[in-house]
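Everything below concerns the one structure shown next.
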Amino acid sequence: MQLEALLNYPRALPAMPRAVSDLLSEMNREEPSPRRVGELIGHDPALTTRVLRLSNSAFFRVSRKIGNADEAVALLGLTHVRSLVMAAALGASFKNVPGIDLKQFWRYSLRSAEIARSLAGLLNQNQGNAFTAGLIHAIGILIMHIAMPDEMAPLDMATPPLDLNRAEAEMNAFGYTYAEVGAGMAEKWQFPPEMVSALTNQNAPFEGEAYDPLAGLLHLASWRARGEELQMDSQGLAATFPDLVGLTLGLDLESVLGKDPAEWSFNQALAVFS
Numbered sequence: 001m002q003l004e005a006l007l008n009y010p011r012a013l014p015a016m017p018r019a020v021s022d023l024l025s026e027m028n029r030e031e032p033s034p035r036r037v038g039e040l041i042g043h044d045p046a047l048t049t050r051v052l053r054l055s056n057s058a059f060f061r062v063s064r065k066i067g068n069a070d071e072a073v074a075l076l077g078l079t080h081v082r083s084l085v086m087a088a089a090l091g092a093s094f095k096n097v098p099g100i101d102l103k104q105f106w107r108y109s110l111r112s113a114e115i116a117r118s119l120a121g122l123l124n125q126n127q128g129n130a131f132t133a134g135l136i137h138a139i140g141i142l143i144m145h146i147a148m149p150d151e152m153a154p155l156d157m158a159t160p161p162l163d164l165n166r167a168e169a170e171m172n173a174f175g176y177t178y179a180e181v182g183a184g185m186a187e188k189w190q191f192p193p194e195m196v197s198a199l200t201n202q203n204a205p206f207e208g209e210a211y212d213p214l215a216g217l218l219h220l221a222s223w224r225a226r227g228e229e230l231q232m233d234s235q236g237l238a239a240t241f242p243d244l245v246g247l248t249l250g251l252d253l254e255s256v257l258g259k260d261p262a263e264w265s266f267n268q269a270l271a272v273f274s
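See below:
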């Protein structure tokens, strides 16, 4: 299936719930209103429940229990609330994807998001944007499996979805990767241009005309999260570390590994996706 056809495939891209669409529109304004954001979340009981479950998980390390959407906005800020809303929307949208272990997929995505956020803090980049980009960076994998399960099955057998060589295998097979698919999704869902760019360039953030630091963070975060899923030892991590990306960002192997999550499982946060 060609990329354009895939992005327009009716069942591949879940419809964004009206509440989420309205929220993204508000948060994309030059001066979004925190009060309006809280109101929009509160108008959707299911969305409110999911947002509060995730905001009160150990993942966000808040100092006190968050009881409503307004408190979530006040304590976490709009950039992290965007992440919460997207997590809630995606968890509700993708319930059964052929060939994908969704618990593993979301665990990997949360790990990538946490590492991206930590690396962004190290480099004085926007941590909320890095977290959100990390959370959705691999969503194209789900869309591809929904739209063309028969083509994905043999590819999965040869190169599993979280294999370090997955992007190369997809490019060889289809002429595009999950990165371009996810970027197309983000564009349809009205994400900011810088996030769409980061998703597009995540597999080659500094090649050709591209120079995309946020994409570079995604590249390193996804490498580390895949390494954990593949249970790579220290030798394997050292051998596969993306040296050129790290060098461009001023990060070596030790500094990236130093941003590993304190808790790798994220069981409490994963409840949002079940």
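Just so we're aligned, residue 1 is where the sequence shown starts under the numbering used here, counting upward by one. Beta carbons are placed, not taken as given, at the ideal position from N, Cα and C, and that holds for glycine.
Residue nearest to residue i in terms of C-alpha spacing, selected from the options
i: I115; options: A133, D150, M144; result: A133
i: R117; options: F59, E254, S265; result: F59
i: H219; options: N124, S197, D101; result: S197
i: P242; options: F105, A69, Q202, Q2; result: Q202
i: A169; options: A183, G182, E151; result: E151
i: D212; options: A221, A225, E194; result: E194
i: L251; options: M86, L119, R11; result: L119
i: Q231; options: I143, D163, N172; result: D163
i: A186; options: Q235, L40, I139, E254; result: I139
i: Q268; options: R64, A46, Q2, L110; result: L110
i: P34; options: V81, V20, A5, L270; result: V81
i: L257; options: S222, E4, K95, L90; result: S222
i: A183; options: H137, E209, A167; result: H137
i: M86; options: G38, E31, V20, A130; result: V20
i: L40; options: R18, E31, S55; result: R18
i: F277; options: A12, Y108, S255; result: An answer regarding residue 277 cannot be provided, because it is not within the stretch 1 to 274 covered by the chain.
Other residues of its chain near residue i: CB distance less than 8 Å, five sequence neighbours each side excluded
i: G216; result: P205, F206, V245, T248, L249
i: N165; result: T159
Short Cβ contact (8 Å threshold) for residue i with residue j
i: Y176; j: I141; result: no
i: S83; j: L135; result: yes
i: G128; j: T200; result: no
i: V51; j: A92; result: no
i: V272; j: R53; result: yes
i: N8; j: G42; result: no
i: I143; j: V181; result: yes
i: L253; j: A130; result: no
Same chain only: Cβ atoms within 6 Å of residue i, ignoring 5 sequence neighbours per side
i: L24; result: Q190
i: P98; result: H145, P149
Contacting residues, own chain, Cβ-Cβ under 7 Å from residue i (five flanking each side not counted)
i: N28; result: Q190, P192
Residue i at chain B interface by Cβ criterion, 8 Å
i: H219; result: Within the model displayed, chain B is absent; a lone protein chain is all it includes.
Handout entry: Touch test, the stretch 253 to 263 against the stretch 96 to 103, Cβ-Cβ under 8 Å, three pairs minimum
Key = no
Handout entry: Stretch pair the stretch 119 to 131 + the stretch 62 to 74: three plus CB contacts closer than 8 Å
Key = no
Exercise for the section: With a floor of 4 residues, list each alpha helix (DSSP H) that falls wholly inside the stretch 10 to 67, ordered by position along the chain. Expected result: 18 to 27, 34 to 42, 45 to 55
Practice task
Output the residue ranges of the alpha helix (DSSP H) runs that lie fully inside the stretch 115 to 148 and measure 4 residues or longer, sorted by chain position.
Solution key: 127 to 136, 139 to 147
Practice task
Go through the stretch 224 to 254 residue by residue and report every complete run of the alpha helix (DSSP H) that reaches 4 residues or more, in order.
Solution key: 234 to 240, 243 to 249
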